[in-house]
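Step one of this worksheet: look at the structure below.
Here you go:
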């Protein structure tokens, strides 16, 4: 019992622990009152205006091992209670209280021989008995031992079991603390990995936005170029229509002229102008399929499959495979960066060429737009497609002049 009492002595008050008993992170035990006293002594400035101690936050050192104990906002009331030690203290106190004074203690009697005191211990049956039971009773063939020797032995065994149980409790508390640290580590690791995955996905989203902007820019450039070209043709046809309408009005007025000489003077030029106005061969025509932009359709199925295959790295692969994967990723990043640079340069060149071509169309003389004759076969060559994977961006084909237009021009110049 003396060794048990030593295990239950508080290192501060040097008395048996007073409940509640708290356990420190270093696995030593203290009375909560003693722990609060140590905390106040270590933090003398944590007081309120009224003089009461602030129990939240702060730190102090364990009086047994000098390990620093950091308290949370609950202070010493945030420390865990050691319920096992408290139960042992209760058992110890009950045992001490149940032991009456030697002069008042009533010695137990044998159940078989009520007048005989229990003075021996049957080792075979593991029960206390009297001498008559050993001589004449049921324990005559059993091994017996003195009560004092057996009592001393069993008290020593019980003390060892209590000490072992206290040690087991301390180890259990240490395992609990270790598991709590493991939970915190898992939580931090999970948050870190989530942050890395979110950052990588954000980078992929940004790269996709860049590619989308570049591809839509190329489509917009070709769309604007074709619109400018078609609108310029429309304006020229409108001008031709206005000139022929004016010619018709002049012809109608000439028909109303009653003077034959005056009519003949104006009829010949009008006839020549009407013949020339009925011919629209000098105006270009849009080739069939020129309005179609299906050649700018992108194939995104490989990229979609690649995104669906995004997964975590397998840790059971060999180091050589990991090195090869890293090299492939570096090469892919370099190729992607080079492709982005080429695309930016190509887009700038395409915009510059488009602006130059549109400016040339809007300021060119009428002879520039002379095309094939009205009855000739229209040039059915489609507009060269824009290759989405390369930096080369071809422009729309210029209108082709026919041999008949050249012959008409030479005949008019000769006339």
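Residue numbers (UniProt numbering): 1 to 415.
Note that the Cβ used here is the ideal one computed from N, Cα and C, for glycine as well.
Start and end residues, alpha helix (DSSP H) containing residue i
i: residue 152; result: 147 to 255
i: residue 271; result: 260 to 277
i: residue 133; result: 131 to 135
i: residue 419; result: A query on residue 419 cannot be resolved here, the shown segment of the chain reaching from 1 to 415 and no further.
i: residue 302; result: 301 to 308
Three-state secondary structure assigned by DSSP to residue i
i: residue 39; result: helix
i: residue 292; result: coil
i: residue 126; result: coil
i: residue 23; result: strand
i: residue 83; result: helix
i: residue 30; result: strand
i: residue 12; result: coil
i: residue 88; result: helix
i: residue 117; result: strand
i: residue 398; result: Below a pLDDT of 50, predicted positions are generally treated as unreliable, and residue 398, at 45, falls in that range; the measurement from the model is reported next regardless. If DSSP states are grouped into helix, strand and coil, residue 398 belongs with coil.
Beta strand (DSSP E) segment containing residue i, residue limits
i: residue 68; result: 68 to 70
i: residue 61; result: 59 to 61
Cβ-based neighbour list, residue i, same chain, cut-off 8 Å, excluding 5 preceding and 5 following
i: residue 132; result: 110, 112, 113 and 116
i: residue 7; result: 162, 163 and 166
i: residue 145; result: 120, 121 and 123
i: residue 147; result: 118, 119, 120, 121 and 128
i: residue 91; result: none
Beta-carbon contacts of residue i that lie in its chain and below 7 Å, excluding the five residues immediately before and after
i: residue 125; result: 139 and 142
Nearest-angstrom Cα separation, counted from residue j out to residue i
i: residue 245; j: residue 265; result: 21 Å
i: residue 25; j: residue 312; result: 37 Å
i: residue 201; j: residue 183; result: 27 Å
i: residue 43; j: residue 27; result: 22 Å
i: residue 73; j: residue 173; result: 22 Å
i: residue 249; j: residue 292; result: 40 Å
i: residue 170; j: residue 82; result: 9 Å
i: residue 16; j: residue 65; result: 19 Å
i: residue 247; j: residue 230; result: 26 Å
i: residue 274; j: residue 267; result: 10 Å
i: residue 188; j: residue 155; result: 49 Å
i: residue 294; j: residue 333; result: 30 Å
i: residue 205; j: residue 314; result: 24 Å
i: residue 259; j: residue 225; result: 54 Å
i: residue 413; j: residue 255; result: The predicted model places residue 413 with a pLDDT of 43, which falls under 50 and marks its position as unreliable; any figure quoted below should be read in that light. Approximately 30 Å between the Cα atoms of the pair.
i: residue 301; j: residue 310; result: 15 Å
i: residue 270; j: residue 217; result: 51 Å
Residue j beta carbon less than 8 Å from that of residue i
i: residue 20; j: residue 63; result: no
i: residue 277; j: residue 243; result: yes
i: residue 88; j: residue 162; result: yes
i: residue 61; j: residue 70; result: no
i: residue 208; j: residue 286; result: no
Residues of its chain near residue i, where Cβ-Cβ distance is below 6 Å and the 5 sequence neighbours each way are ignored
i: residue 35; result: 22 and 76
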